[in-house]
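Here the protein sequences line up with chains A and B, keeping their order.
Under my numbering, residues 500 to 620 are what the first sequence spells out, in order.
Under my numbering, residues 3 to 444 are what the second sequence spells out, in order.
Note that beta-carbon positions come from the ideal geometry of N, C-alpha and C, so glycine has one too.
I have placed the structure first, in the form of structure tokens, so that the comments after it can refer back to it.
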Amino acid sequence: MTQYMLVLRDDPASLKNLSPEQWQGLLEKYNAWTGRMAQEGRLVAGHKLMDEGGRTLKLEKGKVVVKDGPFGETKEVVGGYFILKANDYDHVVRLCQDHPQFAINGVVEIREVDFMGAPEQ
Amino acid sequence: MTDAPVVVLTEQEIGGAPPVPQLVDHLFRHHYGRLVASLTRLFGPAHLDLVEDVVAESLLSALKTWPFRGVPDNPGAWLSQVAKNRALDALRKHRFERPREEDILQWAELEDRSAHGDASSASEHLADDSLRMIFTCCHPGLSPEARVALTLKTLCGFSVPEIARAFVTKETTIAQRLVRAKRRIEEDALPFDVPPPAELPRRLDAVLEVLYLMFNEGYAAHQGEDLVRRDLVDEALRLSRLLLEMPATRPPKVHAMLALMCLLAARLPARVDAIGELSTLARQDRALWDRNFLALGMAHFERAIEGDELTVYHCEAAIAACHAAAPKYADTDWRTVLARYDQLLALNDTPIVRLNRAVAMAKVHGAERALRELDTLEAEAALAEYYLLPATRGLLLWTLERHADAAAAFRRAVARPCSEPERHFIEKRIAACEAGEPPIDF
């Protein structure tokens, strides 16, 4: 089966206006989703990325310039990722229909992992 | 999904995320209240905003982490650990003299022992923090509205929009109330403690007033969102039970209020009938009343009558107990109910109490007598916009077969502010009176 990376983007500030009860509601949605993926044996990996820090590197006038944080013009940042096993893109799209990321106006970017002919890891 | 083969992987292969356990209901809300209370003891009530930020950040960190690592075995211990680190960060950043670092570490140690259930004294100690917090939030130096808002915000973790929805008030109004209340706490240096014995009775009354207001707002449900309302009832009960933790804060009147709350809460499942319409006490299916709440209410009532102080909660609980004791509405002991209303009136003579008493009066002395009582209430400013005054008049007139007068009274009732279900309910009565239908029990 093919592997896909789900890159999760959202605006961390959007969570701040919700209540503890609403946070728990979101967490329960997450638990249901990841629980199902794990039970179906699709979950290969998943990690949260650190909220603080982060660096963006860029070549400017022949020199590598280091900028703090991953923050660009948009407020959205990558908060974490999952790697899922699925049949094809349509299949992943179906699996993500109820992804909790949408409850906070977040974005899920799906990319197929390219093993370049090597056996899957 | 059925179109994919199910592959069973080991825990390691699936990235350490086995199917996760269900979270306890209101886990976040209750840990929020608990942590805010403890950190307020450490940082002082003047730094409530900072404390709320620290706790909110800790819960947010759980929300961001747990989807990837799973819910920890001991969520409470995990949250306390994060709150400890955030509190230490805040301490270093603001360079406060109080608390000292070791105060925070000592508290965290207590939290850890309590979370792992190996020291009941640790749990008690922490429950005391919530109790102190109740007395700060319900300090008589704050207006009753501010007390309710602050209690819901800090001890129950309600957001401003949630409080606004529960009290059918604008969000900006609630936000302003909270800002003013916090400023007052800081400027007047309101204490964070269970009051000393000399002050306790007055301070406890202020607490009971807030908790009952909270309960009643949820129970009466004139308007607003059902779910939020039910939460108010549950939270009022939870906080009231906290008062039972200490002998000093559980005089008989606390049991009286809890008896009243439990006996009323027992009726909630019967308040709306099968087709979603409001059901009055006379028409409720009593088989739907919550037996556990009834038993709990009666147990509290037993404890309530141990002292010699008679409060409004005693009288109202006694009335609710009369209703709870009647298997059917027709079995109600109205003479006792009326006697309890007379006692209540002696303690708290308000137009609302008189209006409610009029129903018992009609049952014991007849509708004419009750109508004369209602006449005396017509001039009351407090009832000028209250739909239940003309609605009660309508019922009494209908009982006397005065259909046209009854319909007119019901029409006056729907002209006053009331919720959609209530309006619908009264409109059906107008139609019944216009059709000359026989009176219903009230």
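Going by Cα to Cα distance, which pick from the options is closest to residue i?
{"i": "Leu-514 of chain A", "options": "B:Glu-59, B:Ala-411 and B:Gly-396", "result": "B:Glu-59"}
{"i": "Leu-157 of chain B", "options": "B:Arg-342, B:Val-38 and B:Leu-296", "result": "B:Val-38"}
{"i": "Ile-321 of chain B", "options": "B:Arg-285, B:Leu-266, B:Pro-353 and B:Leu-290", "result": "B:Leu-266"}
{"i": "Glu-103 of chain B", "options": "B:Asn-87, B:Glu-113 and B:Ala-117", "result": "B:Asn-87"}
{"i": "His-49 of chain B", "options": "B:His-33, B:Pro-74, B:Val-84 and B:Arg-100", "result": "B:Arg-100"}
{"i": "Pro-392 of chain B", "options": "B:Arg-404, B:Leu-402 and B:Leu-376", "result": "B:Leu-376"}
{"i": "Ala-433 of chain B", "options": "B:Ala-410, B:Arg-418 and B:Cys-420", "result": "B:Ala-410"}
{"i": "Phe-427 of chain B", "options": "B:Arg-285, B:Ala-85 and B:Met-135", "result": "B:Arg-285"}
{"i": "Arg-231 of chain B", "options": "B:Ile-442, B:Leu-154, B:Phe-98 and B:Pro-146", "result": "B:Leu-154"}
{"i": "Leu-347 of chain B", "options": "B:Pro-329, B:Gln-83, B:Val-314 and B:Arg-36", "result": "B:Val-314"}
{"i": "Glu-311 of chain B", "options": "B:Arg-288, B:Val-212, B:Cys-435 and B:His-257", "result": "B:His-257"}
{"i": "Pro-146 of chain B", "options": "B:Ala-168, B:Glu-403 and B:Leu-213", "result": "B:Leu-213"}
{"i": "Leu-25 of chain B", "options": "B:Val-57, B:Ala-268, B:Ala-200 and B:Leu-65", "result": "B:Leu-65"}
{"i": "Trp-400 of chain B", "options": "B:Gly-438, B:Asp-91 and B:His-325", "result": "B:Gly-438"}
{"i": "Ala-272 of chain B", "options": "B:Arg-240, B:Leu-93, B:Ala-326 and B:Gly-159", "result": "B:Ala-326"}
{"i": "Cys-435 of chain B", "options": "B:Asn-76, B:Phe-412, B:Glu-424 and B:His-405", "result": "B:His-405"}
{"i": "Lys-255 of chain B", "options": "B:Pro-199, B:Cys-317 and B:Glu-188", "result": "B:Cys-317"}
{"i": "Val-565 of chain A", "options": "A:Thr-533, A:Gly-553 and A:Phe-614", "result": "A:Gly-553"}
{"i": "Asn-76 of chain B", "options": "B:Ala-89, B:Glu-111 and B:Ala-117", "result": "B:Ala-117"}
{"i": "Glu-111 of chain B", "options": "B:His-96, B:Leu-93, B:Arg-94 and B:Val-84", "result": "B:Val-84"}
{"i": "Glu-424 of chain B", "options": "B:Leu-280, B:Val-162 and B:Ala-200", "result": "B:Leu-280"}
{"i": "Arg-36 of chain B", "options": "B:Arg-115, B:Gly-159 and B:Gly-299", "result": "B:Gly-159"}
{"i": "Leu-526 of chain A", "options": "B:Pro-74, B:Ser-40 and B:Ala-408", "result": "B:Pro-74"}
{"i": "Asn-530 of chain A", "options": "A:His-598, A:Arg-593 and A:Ala-544", "result": "A:His-598"}
At 7 Å on the CB atoms, spell out the chain B contacts of residue i, in chain order.
{"i": "Pro-519 of chain A", "result": "Phe-30, Arg-31, Tyr-34, Leu-61 and Gly-159"}
Using a C-beta to C-beta distance shorter than 8 Å, which residues of chain B count as neighbours of residue i?
{"i": "Gly-578 of chain A", "result": "Lys-66"}
Are the C-beta atoms of residue i and some chain B residue less than 8 Å apart?
{"i": "Glu-527 of chain A", "result": "yes"}
{"i": "Leu-556 of chain A", "result": "no"}
{"i": "Val-607 of chain A", "result": "no"}
Using a C-beta cutoff of 8 Å, does residue i count as contacting chain A?
{"i": "Gly-226 of chain B", "result": "Caution is warranted here: a pLDDT of 48 is assigned to Gly-226 of chain B, below 50, making its placement in the model unreliable, and the coordinate value is therefore given only provisionally. Cβ-Cβ to chain A under 8 Å: no for Gly-226 of chain B."}
{"i": "Pro-69 of chain B", "result": "yes"}
{"i": "Leu-11 of chain B", "result": "With a pLDDT of only 36 at Leu-11 of chain B, under 50, the local geometry of the prediction cannot be trusted, and no value is derived from it."}
So with CB distances below 9 Å, who are the chain A contacts of residue i?
{"i": "Leu-25 of chain B", "result": "Gln-523, Leu-526, Glu-527 and Asn-530"}
{"i": "Glu-164 of chain B", "result": "Ser-518, Glu-520 and Gln-521"}
In chain B, what lies closer than 9 Å to residue i by C-beta?
{"i": "Leu-514 of chain A", "result": "Leu-62, Leu-65 and Lys-66"}
If we cut at 8 Å on Cβ distances, does residue i have a partner in chain E?
{"i": "Thr-533 of chain A", "result": "Judged by its chain identifiers, the structure shown contains no chain E, and its protein chains are A and B."}
With C-beta atoms as the reference, is residue i less than 8 Å away from residue j?
{"i": "Met-216 of chain B", "j": "Leu-202 of chain B", "result": "no"}
{"i": "Trp-522 of chain A", "j": "Leu-62 of chain B", "result": "yes"}
{"i": "Pro-569 of chain A", "j": "Arg-31 of chain B", "result": "no"}
{"i": "Phe-137 of chain B", "j": "Val-209 of chain B", "result": "yes"}
{"i": "Leu-152 of chain B", "j": "Ala-191 of chain B", "result": "no"}
{"i": "Leu-81 of chain B", "j": "His-28 of chain B", "result": "no"}
{"i": "Thr-251 of chain B", "j": "Leu-206 of chain B", "result": "yes"}
{"i": "Leu-507 of chain A", "j": "Gln-596 of chain A", "result": "no"}
{"i": "Asp-443 of chain B", "j": "Tyr-331 of chain B", "result": "yes"}
{"i": "Leu-262 of chain B", "j": "Ala-301 of chain B", "result": "no"}
{"i": "Pro-142 of chain B", "j": "Arg-186 of chain B", "result": "no"}
{"i": "Gly-524 of chain A", "j": "Lys-547 of chain A", "result": "no"}
{"i": "Phe-2 of chain B", "j": "Cys-264 of chain B", "result": "Residue numbering for chain B in the displayed model covers 3 to 444; residue 2 of chain B lies beyond these limits and cannot be assessed."}
{"i": "Met-536 of chain A", "j": "Leu-542 of chain A", "result": "yes"}
{"i": "Phe-169 of chain B", "j": "Glu-219 of chain B", "result": "yes"}
{"i": "Val-162 of chain B", "j": "Ala-148 of chain B", "result": "no"}
I'd like to know if the segment 62-73 of chain B and the segment 35-52 of chain B are in contact, where contact means that at least 3 CB-CB pairs between them fall below 8 Å.
no
Taking contact to mean 3 or more Cβ pairs, one atom from each stretch, closer than 8 Å, check whether the segment 587-604 of chain A and the segment 500-509 of chain A are in contact.
yes
Quick check: the segment 364-373 of chain B against the segment 327-344 of chain B, are there 3 or more CB pairs under 8 Å?
yes
Does the segment 237-254 of chain B touch the segment 126-136 of chain B, meaning 3 or more C-beta pairs lie closer than 8 Å?
yes
Segment contact, 8 Å Cβ cut-off, at least three pairs: the segment 381-398 of chain B with the segment 345-356 of chain B
yes
Check whether the segment 406-420 of chain B and the segment 290-308 of chain B touch, using three or more Cβ-Cβ pairs below 8 Å as the test.
no
Does the contact criterion of 3 or more C-beta pairs under 8 Å hold for the segment 597-610 of chain A versus the segment 560-569 of chain A?
no
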